[in-house]
Amino acid sequence: MVAHQTQKQTGAQEKDDYESIIGLEVHAQLLTRSKIFCGCSTAFGGESNTHTCPVCTGQPGSLPVLNVKAVEFTIKMALACHCTISTFSLFARKNYFYPDLPKGYQISQYEYPLAKDGYMEVPVDGGKRIGIIRIHMEEDAGKLVHEGAFESSASSLVDFNRTGVPLIEIVSGPDMRTPEEAGLYLRSLRDILRYLQICDGDMEKGSFRCDANVSLRPQGQRDFGTRTELKNMNSFRHVEKALEYEIRRQTGLLEAGEEVIQETMLWDEEQGRTFPMRGKEEAHDYRYFPDPDLVPLEVSEAWIEEIRGTLPELPTEKRERFIRQYGIPEYDAAILTASQSLAAYYEECVRLFGEAKMVSNWIMGDLLRELKKDDREIEQCPVPPKHLASMLKMVTDGVISGKIAKTVFEEMYRSGEDPEKIVHEKGLIQVTDVDKIGKVIQEVLEGNPKLVEDYRKGKEQLFGFFVGQVMKATRGKANPKLVNELLRKRLSKG
Ligand SMILES: [Zn+2]
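For the sequence shown, position 23 matches number 1430 in the working numbering, and the numbering has no gaps at all.
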């Protein structure tokens, strides 16, 4: 550590002389049926202001009652992120005025969150730990709908359906160093939430939202630089792009000897840049205090252990098991465990067919490509595991060639038919008959006497041409190994 880093930066710094420090705050909407402090439905897309009651619209005299399911879901996430769970936590009022916040405060957790001090593994350079500072519970605000912005009749309406929907806020440590790491962290976090089935992770619908804090500091300096907070990013790609932009912007300021101002910035996807929105609030601006309408939240060790017992195998564990059990590369394992359904599909295919790497190649290649093309999830895949397995078996048994298998796969995907039926009906069975192939070879060689002569004089690269012609004449059905053998024998005969 250099002793004195206090003198002001004076331009002339190269971009690589700065280190980026990124921390993320994620809000995840919990998949409970009812809201966090009342019995109203959390269903998405209902007619405006139909999922409301005196509690979630902040009527005087109404009292909140905590939804136990929301607590259970939060504990699940906290356990999956290796957090310490507090047996005693408090709800606090975060006071601010906004038209979509009828009470004038949001119920959140402040000094005593439900969980803290955890971490998550992200697949960067063989695994990196990103600290989780805290996970706390809070309620969502409503939604403003702006109409006719530039007309004299312009108005803003408010929809309280979302008011009081349960959220967890997951605050990471300032542990990420590049936008790519931030993207990987977010994806890993979303995978876990989905594995736990406590959040649908849909960024476009707003059920998984992310704010990013970013600052720069000269390489080797321990103190953090001034940070800005980025908001309004609706996809992982946007988060990465916004961070890239903001890092460039801050680098430019520091290089010019200017200062970064602490403020909240909005990402504008269309213009591909950030805009200042407001000065950053400090916690004391919100006048947090414990909510007198809610008793302290006390959870027993026994309940925490009971919930721990319900945790499924999580993405990192599954990935490690796949590498160990199936001997597939880490890259394959990461793709195949992206969702529980895809992992289950893979395991069923391997159970039926056996060759783990061959199954992995087909799923990662042809299968995922087709699904992506149609914007389908694995759950909607028209090829069940048993069809893929029996097609692969036909390849290893020599019934069809690897090349024909591509055609069979496309047909299976299109029609949902059994591969054996497709192969028989379309006459795709591989020709392994020595006489039949020999006859085709004879025809090919007789049809190209000049080239045969050239080959025998030493132009050996023509061999591939002959193979191609034989395959073409058999419409790809000849067993390629046999074709090679027979052709070599025949050509050497002179
Ligand atoms: Zn309500």
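C-beta atoms are modelled at their ideal positions from N, C-alpha and C, and glycine is treated no differently.
Any non-hydrogen atom of ligand 2 closer than 8 angstroms to Lys1550 Cβ: This structure lacks ligand 2; its bound ligands are ligand 1.
Secondary structure of Glu1850, DSSP reduced to three states: As a first step, residue 1850 is located in the sequence shown; it is residue number 443 there, counting from the start. Looking at Glu1850 - three-state DSSP - the assignment turns out to be helix.
Pick from Glu1784, Ala1885, Asp1781 and Val1790 that is closest to Trp1769, judged by C-alpha positions: Here the question's residue 1769 lines up with position 362 in the sequence shown. Checking every option, the nearest Cα to that of Trp1769 belongs to Val1790.
Burial state of Val1702 (16 or more Cβ within 10 Å): Indexing the sequence shown from 1 puts residue 1702 at position 295. Classification for Val1702: exposed.
Cys1617 CB to nearest heavy atom of ligand 1 below 8 angstroms: Within the sequence shown, residue 1617 is the residue found at index 210, counting from 1. Every heavy atom of ligand 1 is 8 angstroms or more from the Cβ of Cys1617, so no.
Coil, strand or helix - Val1838 by DSSP: On the sequence shown, position 431 is the one that residue 1838 refers to. Val1838 falls in the strand class under three-state DSSP.
Sequence-ordered residues whose beta carbon comes within less than 6 angstroms of a heavy atom of ligand 1: Taking each Cβ in turn, the ones that pass are Lys1442, Cys1445, Cys1447, Thr1459, Cys1460, Val1462, Cys1463 and Gly1571.
Length of the line joining the Cα atoms of Lys1638 and Ile1537: Against the sequence shown, residue 1638 aligns to sequence position 231. Against the sequence shown, residue 1537 aligns to sequence position 130. A straight line joining the alpha-carbon of Lys1638 with that of Ile1537 spans about 21 angstroms.
With 16 other Cβ atoms within 10 Å as the buried cut-off, status of Arg1726: As a first step, residue 1726 must be located in the sequence shown, where it is residue number 319. Classified as buried, Arg1726 has 16 or more neighbouring CB atoms from the shown chains inside 10 Å of its CB.
Whole-angstrom distance between Tyr1695 and Tyr1517, CA atom to CA atom: Mapped onto the sequence shown, residue 1517 falls at position 110. Mapped onto the sequence shown, residue 1695 falls at position 288. One alpha carbon belongs to Tyr1517, the other to Tyr1695, and they sit about 7 angstroms apart.
Nearest to Ala1750 (by Cα), restricted to the options Gly1834, Glu1720 and Asn1620: Taking the sequence shown and counting its residues from 1, one reaches residue 1750 at position 343. Among Gly1834, Glu1720 and Asn1620, the Cα nearest to that of Ala1750 belongs to Glu1720.
Selection from Glu1777, Lys1501, Lys1888 and Val1646 that minimises the alpha carbon distance to Gly1809: For the purposes of this step, residue 1809 is taken as the residue at position 402 of the sequence shown. Put simply, of Glu1777, Lys1501, Lys1888 and Val1646 the residue whose alpha carbon is nearest the alpha carbon of Gly1809 is Lys1888.
As assigned by DSSP and simplified to three states, the class of Thr1803: Sequence index remark: in the sequence shown, residue 1803 carries index 396 (1-based). Correct three-state label for Thr1803: helix.
Between the CA atoms of Leu1893 and Gly1834 - distance to the nearest angstrom: For this step, residue 1834 is matched to residue 427 along the sequence shown. For this step, residue 1893 is matched to residue 486 along the sequence shown. Between Gly1834 and Leu1893, the C-alpha separation is close to 23 angstroms.
Phe1504 classed as buried or exposed, judged by whether at least 16 other C-beta atoms fall within 10 angstroms: Counted from its first residue, the sequence shown places residue 1504 at position 97. Flag for Phe1504 reads exposed.
Same chain, Cβ closer than 8 angstroms to Val1552, five either side skipped, listed in chain order: Locating residue 1552 in the sequence shown gives position 145, counting from the first residue. Hits under 8 angstroms: Ser1455, Ser1563, Leu1564, Val1565 and Asp1566.
With 16 other Cβ atoms within 10 Å as the buried cut-off, status of Gly1659: Indexing the sequence shown from 1 puts residue 1659 at position 252. With fewer than 16 Cβ atoms within 10 Å of its Cβ, Gly1659 is classed as exposed.
DSSP three-state assignment for His1458, whether helix, strand or coil: Position 51 of the sequence shown, counted from the first residue, corresponds to residue 1458. Here His1458 carries a coil assignment [DSSP, helix/strand/coil].
Ser1579 burial status per 10 Å Cβ neighbour count (16 or more: buried): Taking the first residue of the sequence shown as 1, we reach residue 1579 at position 172. Ser1579 should be labelled buried.
6 angstroms Cβ shell around Leu1852 - same chain, five flanking residues per side excluded: Taking the first residue of the sequence shown as 1, we reach residue 1852 at position 445. Around Leu1852: Val1859.
Those residues which DSSP pairs with Met1527 across a bridge: Translated into the one-based positions of the sequence shown, residue 1527 becomes position 120. Bridge pairing for Met1527: Ile1537 [DSSP].
CB of Ile1539 within 9 angstroms of CB of Ile1577, strictly: Counting from one through the sequence shown, the residue named residue 1539 turns up at place 132. Counting from one through the sequence shown, the residue named residue 1577 turns up at place 170. Judged by beta-carbon spacing, Ile1577 lies within the 9 angstroms limit of Ile1539, meaning their Cβ atoms are closer than that value.
Neighbour-count burial assignment, Pro1856, 16 or more Cβ in a 10 Å radius: As a working note, residue 1856 is residue 449 in the sequence shown. Its Cβ having fewer than 16 others within 10 Å, Pro1856 is exposed.
Simplified DSSP state of Ile1542, which is helix, strand or coil: The residue given as residue 1542 occupies position 135 in the sequence shown. In the three-state reduction of the DSSP assignment, Ile1542 falls in the strand class.
Given 8 angstroms, three or more beta-carbon pairs between the segment 1489 to 1503 and the segment 1611 to 1626: Short answer: they don't touch.
Exposed unless 16 or more other CB atoms sit within 10 angstroms - verdict on Pro1683: Taking the first residue of the sequence shown as position 1, residue 1683 is located at position 276. Exposed.
Other residues of its chain near Arg1655: CB distance less than 7 angstroms, five sequence neighbours each side excluded: Locating residue 1655 in the sequence shown gives position 248, where the first residue counts as 1. Closer than 7 angstroms at Cβ, skipping near neighbours: no residue.
Strand pairing of Tyr1512, partner residues [DSSP]: Here residue 1512 corresponds to residue number 105 of the sequence shown, with the count starting at 1. According to DSSP, Tyr1512 bridges with Asn1502.
First and last residue of the uninterrupted alpha helix (DSSP H) at Val1565: For the purposes of this step, residue 1565 is identified with residue 158 of the sequence shown, where counting begins at 1. It is not in any alpha helix (DSSP H) - Val1565 instead sits in the beta strand (DSSP E) that spans Ser1562 to Asp1566.
Test item: CB-CB of Leu1593 and Leu1437 under 9 angstroms: Residue 1593 sits at position 186 when you count from the first residue of the sequence shown. Residue 1437 sits at position 30 when you count from the first residue of the sequence shown. With a cutoff of 9 angstroms on beta-carbon distance, Leu1593 and Leu1437 are scored as not near each other.
Best match in Phe1480, Asn1886, Phe1557 and Gly1871 for proximity to Asp1842 [C-alpha to C-alpha]: As a first step, residue 1842 is located in the sequence shown; it is residue number 435 there, counting from the start. Its Cα nearest to that of Asp1842, the residue Asn1886 stands out among Phe1480, Asn1886, Phe1557 and Gly1871.
Phe1696, DSSP secondary structure in three states: Indexing the sequence shown from 1 puts residue 1696 at position 289. Residue state for Phe1696 is assigned as strand, using DSSP reduced to three classes.
Ile1844 versus Val1838: straight-line alpha-carbon distance, rounded: Here the question's residue 1844 lines up with position 437 in the sequence shown. Here the question's residue 1838 lines up with position 431 in the sequence shown. The alpha-carbon atoms of Ile1844 and Val1838 are separated by roughly 7 angstroms.
Counted within 10 angstroms of its Cβ, other Cβ atoms place Asp1609 as buried (16 or more) or exposed: Translated into the one-based positions of the sequence shown, residue 1609 becomes position 202. Counting C-beta atoms within 10 angstroms of its own C-beta, Asp1609 has fewer than 16 neighbours from the protein chains shown and is therefore classed as exposed.
DSSP-derived helix/strand/coil call for Val1572: As a first step, residue 1572 must be located in the sequence shown, where it is residue number 165. If DSSP states are grouped into helix, strand and coil, Val1572 belongs with coil.
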